[in-house]
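There are 2 protein chains.
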Amino acid sequence: MALPRAARTQRRTRIQEAKEEQILEAALEVFSLHGFRGATVDQIAEVAGMSKPNLLYYFRTKEAMHRALITRVLDTWLDPLREFDAEGNPVSEIRSYIRRKLEMARDFPRESRLFANEILQGAPNIEDELKGPLKSLVDEKAEVIRAWAKAGKIARCDPYHLIFSIWSTTQHYADFDVQVRAVLGQDHAGEGRFEDAARFLEQLFVTGLDISEEPAPASS
Amino acid sequence: MALPRAARTQRRTRIQEAKEEQILEAALEVFSLHGFRGATVDQIAEVAGMSKPNLLYYFRTKEAMHRALITRVLDTWLDPLREFDAEGNPVSEIRSYIRRKLEMARDFPRESRLFANEILQGAPNIEDELKGPLKSLVDEKAEVIRAWAKAGKIARCDPYHLIFSIWSTTQHYADFDVQVRAVLGQDHAGEGRFEDAARFLEQLFVTGLDISEEPAPASS
DNA sequence: TGATAATTTGACCGGTTGGTAAACATTACA
DNA sequence: TGTAATGTTTACCAACCGGTCAAATTATCA
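For the protein sequence lines, the chains are V and Y, in the order given. Numbered by numbering that gives the first Met the number 0, the letters in the first sequence go through residues 0 to 219 in order. Numbered by numbering that gives the first Met the number 0, the letters in the second sequence go through residues 0 to 219 in order.
Put into structure tokens, the structure is as follows:
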């Protein structure tokens, strides 16, 4: 009989674990590049270096593969936000959150794109996880930010939109990579663009664009 | 014989113009929702209210439809940036650019998602337009910003990453709409979220998160 | 080793999809 | 009105795609 991973009393074999890993790695590659609908099981099988039926022996449907991948990615994707520390110095907490998110955009662009693809298509498979775990975590951290603002440690602002703006600015460098490269051109599109981005974003979030050297005229 | 729109000495008929408009409208709806691969010609035909072969009479392939749509959208998408005025007041120029982009995210989310989808998939069809017209325009405006910074009218910063950050923060509200709604929840997900976003982004870009009321300690 | 379970594969299937052929309908216009 | 160009539809096809099946191969272990 052939029961791959469902309904088994025993734990998963080493070989099962390895193969599933191998498959998810290939699936990440293909899904992030072509989206769910655009990816074909044959493609994933080829990248994974195995036959299609063999792949479907471990994940019974294409959708099951996608689900497994998404939940895993969503989890690691939120790690930087979890590290957000209420006890730390507000400005340096935000600064390092930006840095961590930017590092993820640099080192795990496929994961970012997979996620972006899913959201863009209306998040048909993960709406629950967005409204559940994700919202909870954001609510919690938003409260931290609000407390900081109330204590005068940071400018008063909408904490949710602050988080959104950090997400969007950092993930932009993964999701819109082609555009970023095209606009920056040959000379500035090297790996240095992440450092430039980090420098700019830190400045933006901390002091904005106003000239901080000279005191502004009192009129406004 | 049946030559829809190619190789004709005469201009396009009124009926052709109307039908092509009708098709592109439907194509925008479907492509922006499902991506290129995810959209089917039948779907588009149904939304457009005509039969599939009739649709293919005006656009010979699915890809031709997509191309026509993308180039048109890209063009209108760049309008706000074109309005960016070198002679105006820097801060208010940036402010109104943010506002315009945010309005587009609110009023034309389908266009934004279509574009995002294309970039996300590696921009197979529009890489030339990115490296050509888009880059030129951005280069030009970046020079304006650099001049402002040099003249002390604005904080010194990387103009390209400034533009990226405005793009990403504003388009986020169209492209990641589902996520934004999910996180904000029922109470704050109404149309007011765009005003909240506008308020936050203006603050962010102008003064950042530092507490501007109190003078900062002179150490830094 | 032998038997049993787990894994792998080639062949195949039904449904979908982009696109075509050709007949039919409508419009433009002399 | 006649006729040629334009527009529309029905029927259809070949390729593709997700998934199945049964047979073959390999690992597990008494």
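Just so it is clear, CB atoms sit at the ideal spot from N, CA and C, and this is done for glycine as well.
Within the segment 94 to 123 of chain V, Arg112, Ala115, Asn116, Ile118, Leu119, Gln120, Gly121, Ala122 place their CB atoms closer than 8 angstroms to a CB of chain Y, listed in sequence order. The three-state reading of DSSP puts lysine 152/Y in coil, since its state is none of H, G, I, E or B. For lysine 130/V, a Cβ of chain Y is located within less than 7 angstroms of the residue's own Cβ. If you look at arginine 105/V, you'll find it in the alpha helix (DSSP H) that goes 89 to 106.
Under the Cβ distance rule, valine 46/Y does not count among the residues neighbouring chain V, no pair being separated by less than 7 angstroms. Isoleucine 93/V and glutamine 15/Y have their alpha carbons spaced roughly 55 angstroms apart. In this structure, tyrosine 172/V and valine 179/V form a Cβ contact; the two beta carbons are roughly 6 angstroms apart against a cut-off of 8 angstroms.
Take glycine 34/Y, set aside five residues on each side of it, and the residues of its chain with a beta-carbon closer than 8 angstroms to its own are Asn116, Gln120, in chain order. Residue-level contact by beta carbon fails for leucine 73/Y and chain V, as no gap is shorter than 7 angstroms.
Taking a contact as a CB-CB distance under 8 angstroms, the pair tyrosine 159/Y and alanine 141/Y counts as one, their CB atoms being some 6 angstroms apart.
Sequence-ordered contacts of the segment 164 to 183 of chain V with chain Y read Ser164, Trp166, Ser167, Thr168, Thr169, Gln170, His171, Tyr172, Asp174, Phe175, Asp176, Val177, Gln178, Val179, Arg180, Ala181, Val182, Leu183 [C-beta pairs closer than 9 angstroms]. Between the alpha carbons of proline 108/Y and aspartate 74/Y lies a gap of roughly 15 angstroms. In this structure the segment 64 to 72 of chain Y does not touch the segment 132 to 139 of chain Y; the number of beta carbon pairs closer than 8 angstroms is below three. Lysine 134/V has a beta carbon lying within less than 7 angstroms of a beta carbon in chain Y. Contact with chain V is found for glutamine 202/Y, since one of that chain's Cβ atoms lies less than 7 angstroms from the residue's Cβ. Rounded to the nearest angstrom, the gap between the Cα atoms of glutamate 86/Y and isoleucine 125/V is 47 angstroms. In this structure, arginine 36/V sits near arginine 36/Y, with a CB-CB distance shorter than 7 angstroms.
Against chain Y, the beta carbon of leucine 68/V has no neighbour under 7 angstroms; the closest one sits roughly 16 angstroms away. One finds Phe199, Leu203, Leu208 in chain V with Cβ atoms closer than 8 angstroms to the Cβ of leucine 161/Y, taken in chain order. If you draw a straight line from the Cα of glutamate 110/V to the Cα of tryptophan 76/V, it comes to about 8 angstroms.
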